[in-house]
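Residue numbers (my numbering), protein chains in the order written: chain A, 1 to 178; chain B, 179 to 356. Where is the CB? At the ideal position from N, CA and C, for every residue including glycine. Read through the structure below, which is laid out as structure tokens, and then see the notes.
Protein chains: 2
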Amino acid sequence: MNVRTLCLGILSLQEASGYEIKKDVEDGLFCHFIDASFGSIYPALTQLAGEGFVTVREQEQTGKPDKKVYSITEAGRNALAKAISVVPAKDKYRSEFLFQMLLQDYLSPEMMLVAVQKQLNDLNEDLARIAECSQQAPVGHGSHFVVDYGNAVLTAAVKYLEYKKAELLQQMAARAAE
Amino acid sequence: MNVRTLCLGILSLQEASGYEIKKDVEDGLFCHFIDASFGSIYPALTQLAGEGFVTVREQEQTGKPDKKVYSITEAGRNALAKAISVVPAKDKYRSEFLFQMLLQDYLSPEMMLVAVQKQLNDLNEDLARIAECSQQAPVGHGSHFVVDYGNAVLTAAVKYLEYKKAELLQQMAARAAE
DNA sequence: TGACGATATATCAATTTGATATATATGCGT
DNA sequence: ACGCATATATATCAAATTGATATATCGTCA
Chain A
1 MNVRTLCLGI
11 LSLQEASGYE
21 IKKDVEDGLF
31 CHFIDASFGS
41 IYPALTQLAG
51 EGFVTVREQE
61 QTGKPDKKVY
71 SITEAGRNAL
81 AKAISVVPAK
91 DKYRSEFLFQ
101 MLLQDYLSPE
111 MMLVAVQKQL
121 NDLNEDLARI
131 AECSQQAPVG
141 HGSHFVVDYG
151 NAVLTAAVKY
161 LEYKKAELLQ
171 QMAARAAE
Chain B
179 MNVRTLCLGI
189 LSLQEASGYE
199 IKKDVEDGLF
209 CHFIDASFGS
219 IYPALTQLAG
229 EGFVTVREQE
239 QTGKPDKKVY
249 SITEAGRNAL
259 AKAISVVPAK
269 DKYRSEFLFQ
279 MLLQDYLSPE
289 MMLVAVQKQL
299 NDLNEDLARI
309 AECSQQAPVG
319 HGSHFVVDYG
329 NAVLTAAVKY
339 LEYKKAELLQ
349 QMAARAAE
């Protein structure tokens, strides 16, 4: 799935500017399973407008710079329906953290702990964001599904890491006592 | 973290050819949290060899084409230790499946079921691969960590999805009975 | 006034993917 | 004996994407 389809999907839920789409995938409901940069979002929107799948309107704002608000068209909704009616590609999960843990022989115990704590913070931030998004802006049946899925997976990760963190602290204390 | 560091990390556990590295990240112990293509692995190995971080030797094989076996050097191990001794970047998780579920209003119930079943198969395949890898080739302390983490997260996802699948089948049956 | 941060768009080099090409070897059917 | 499929193995490249950087507007606070 490319960024064009990603933008169409978000715009099918609500009209938005490129900056707002970026915020959605950064801090919003999509944050834990979608990723896209300005460098791909802005060209995608321009291309979609050229193909007639979205329309643009310049919107003046008070207290902020002007923005370009993109809205999906009927043609856009059809293109979206077609693009997502396929057997989904396999999930992609890439974790520098797990890579470090795999190579923990090259890491000091202190660095290990820093990494574990960073991972816990990231996971808990994602959980907090999901909780916040789910109560304030339900965008349809689908949002419950992804909220519950995200909670299940992230909670399991936190639980395992908390256990490992305690184990690590115990080991460090034992080594310091020697 | 770039593909060069990724290759160094894998080569720190055992010497390997480019093809074998690809298999490791495709079907091996690393499959559920790492991803790299031939197009990035082969140039990375060539570059690492040029920098003195790995050595190459051509190896003839019976029943298979020749291969180039890469081995990490001391300089390579130092570069690896340095590269991974940083606060890890946030995990990246990208799921076409969850994107489809979010936009389920654009999907037929049949397509929904196909997607859910595909996701369950993918998750169970990953679990099976992890189980297989963990019993046959323990590569150090780190492998237990990533195996247990992977099991915790994937099992939670399967459990939630099995529940949702049953719910979906019930809804479809109820609708068919009308 | 000017420094800072949030909002907003745009651009581009460097990295990475995903597809394709090429070659060796085995096994399987006909 | 021949084609065909599949696994092994390396290489290359257009296209997509990232991550960094540039530019500008607006409010706030010192």
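Alpha carbon to alpha carbon, how far is A:Glu96 from A:Thr73? 39 Å
What residue ranges within the stretch 47–71 of chain A form continuous beta strand (DSSP E) runs of no fewer than 3 residues, ordered along the chain? 54–59
May I have the straight-line CA-CA distance separating B:Ser218 from A:Cys31, to the nearest angstrom? 27 Å
Grouping DSSP H, G and I as helix and E and B as strand, with all else coil, what is B:Lys268? Taken through DSSP and simplified to helix, strand or coil, B:Lys268 comes out as coil.
Cutoff 7 Å; reference B:Cys311; Cβ partners in own chain excluding five residues on either side: Contacts found: Gly206 and Leu207.
For A:Asn2, which residues of its own chain have a beta-carbon under 8 Å away from its beta-carbon, when the five flanking residues on both sides are left out? Ala44
With three or more C-beta pairs closer than 8 Å as the rule, is the stretch 109–128 of chain A touching the stretch 261–276 of chain B? yes
Secondary structure of B:Ala261, DSSP reduced to three states: helix
What is the C-beta distance between B:Gly254 and B:Phe231, in whole angstroms, given that I count them as a contact (C-beta under 8 Å)? 4 Å
Rounded C-beta distance between B:Tyr338 and A:Tyr149? I'm assuming under 8 Å. 6 Å
With a Cβ-Cβ cutoff of 8 Å, do B:Asp202 and A:Arg94 count as a contact? no
By the 8 Å beta-carbon criterion, what residues does the stretch 83–107 of chain A contribute toward chain B? Ile84, Ser85, Val87, Pro88, Ala89, Lys90, Asp91, Lys92, Tyr93, Arg94, Ser95, Glu96, Phe97, Leu98, Phe99, Gln100, Met101, Leu102, Leu103, Gln104, Asp105, Tyr106 and Leu107
Name the chain B residues that come within less than 9 Å of A:Tyr160, Cβ to Cβ? Per Cβ cutoff of 9 Å: Asp326, Tyr327, Asn329, Ala330 and Val331.
Alpha carbon to alpha carbon, how far is A:Phe145 from A:Lys164? 29 Å
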